[in-house]
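Residue numbers (my numbering): 3 to 414. Report on the structure given below.
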């Protein structure tokens, strides 16, 4: 085991009760919490005692979950967790993942053409986008979803660093069971409590799950039609604009600063054209898109592909708050439907920093008055453009991405 991983594992073990006797005492507290805190709240939400008892039959704490803070323990994140490596954005687009997601996605497009067409008619969300999310979240339903949802949510609601959030999600899961959407003893989730093939948190299920099969239930565990309808419903309810694309790969000339990136610096796509930004395909932007707003996206700064994206890109980010996730979904959808190849521009071998290094840079930039979006060690668009603005202010070429050479200038 690498030293870094070993230190993380040891720090987590140190924080947890060491003996079986200690754990048994916490398990008793957990049972008391279920009865004294969760049951009254569940009863107030219309949950029957039969549903409650079925949900927690045989349920014990899952001590293997991350971010646990047992009663009596200090609420702290192990220091070494901040040392996780900040990798190259290009790693998100591995050859095997792209090819598999595309080939299986095309099979699913043919197999589920009717359900995809129905979902698009109802919501305006293209089938290729639904497929790409489905593939990313659960491998088109082929990835095992191994955890007991009530064990995960109960554990995290009782003793995690985000206990109130997971307690709310636990109540939402009970509401799902009470409504008959899933048997509480077979309701499966991820280690974080995300449910079924679309990987919805329970509160998202209650708001966005849809019945695509017409049987009166929203079964996102075993029904492909319901999974498709539910993903489309989520995106539509988050503002997907029917008829618009998600974005276009572009060439950004040196005269256009990478600091212009971000969803708060939009302008008509025709205005980006006038600045010299062109599509890598050589084709013009679609005429219907030219007067509408677009945004510059450079997820690796000057070290990788660049894009003009539409508001629909940020709807994809509502599904998972990651530029790379949304970019992967849009790109795989295009590969499925249009047969496009890899991005024209390659990803340079950037990354390899510790998250603590990036966080130190972020704190230094904050000290200069920059808004980096929080010193979390992740280079989101606010951090990227803040780096570019600092580079321009200090007479350096703007790359808008953290690298090892900056540690001496921006580190602690």
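Heads up, the beta-carbon is just placed ideally off N, CA and C, and yes, glycines get one too.
When we look at the beta-carbon of residue i and count the other beta-carbons within 10 Å, is it buried (16 or more) or exposed?
i: residue 411; result: exposed
i: residue 402; result: buried
i: residue 42; result: exposed
i: residue 209; result: exposed
i: residue 145; result: exposed
i: residue 251; result: buried
i: residue 11; result: In this prediction, residue 11 scores a pLDDT of 44, lower than 50, which makes its location untrustworthy; the coordinate-derived value is nonetheless stated afterwards. Exposed is the call here.
i: residue 407; result: exposed
i: residue 308; result: buried
i: residue 291; result: buried
i: residue 340; result: exposed
i: residue 74; result: exposed
i: residue 370; result: exposed
i: residue 349; result: buried
i: residue 26; result: exposed
i: residue 206; result: buried
Give the range of the alpha helix (DSSP H) segment to which residue i is assigned.
i: residue 385; result: 383-395
i: residue 263; result: Note, residue 263: premise wrong, no alpha helix (DSSP H); not H, not E.
i: residue 156; result: 151-161
i: residue 90; result: It is not in any alpha helix (DSSP H) - residue 90 carries neither H nor E in the DSSP assignment.
i: residue 103; result: 97-113
i: residue 135; result: 129-140
i: residue 51; result: 51-58
i: residue 360; result: 357-369
i: residue 40; result: Counting along the chain, residue 40 falls outside any alpha helix (DSSP H), and DSSP gives it neither H nor E.
i: residue 47; result: Element bounds for residue 47: n/a, residue is neither H nor E.
i: residue 412; result: 409-412
Alpha carbons only, please: which of the options is nearest the one belonging to residue i?
i: residue 52; options: 186, 268 and 289; result: 186
i: residue 353; options: 191, 365, 303 and 366; result: 303
i: residue 116; options: 297, 73, 226 and 95; result: 226
i: residue 235; options: 164, 175 and 320; result: 320
i: residue 258; options: 137, 339 and 300; result: 300
i: residue 54; options: 179, 163, 151 and 91; result: 179
i: residue 311; options: 269, 370 and 344; result: 269
i: residue 347; options: 110, 282 and 68; result: 282
i: residue 331; options: 228, 164, 134 and 211; result: 134
i: residue 223; options: 237, 241, 203 and 238; result: 203
i: residue 372; options: 384, 378, 361 and 380; result: 384
From what residue to what residue does the beta strand (DSSP E) around residue i run?
i: residue 252; result: 249-253
i: residue 398; result: Run containing residue 398: none; DSSP gives neither H nor E here.
Since residue i sits in a beta bridge, which residues does DSSP pair it with?
i: residue 308; result: 252
i: residue 197; result: 191 and 202
i: residue 235; result: Looking at the DSSP assignment, residue 235 forms no beta bridge with any residue, so it has no partner.
i: residue 269; result: 296
i: residue 70; result: 162
Notebook entry, point to check: Where in the segment 280-349 do unbroken runs of the beta strand (DSSP E), each at least 3 residues long, occur, reported from the N-terminal end onward?
Noted result: 295-299 and 308-311
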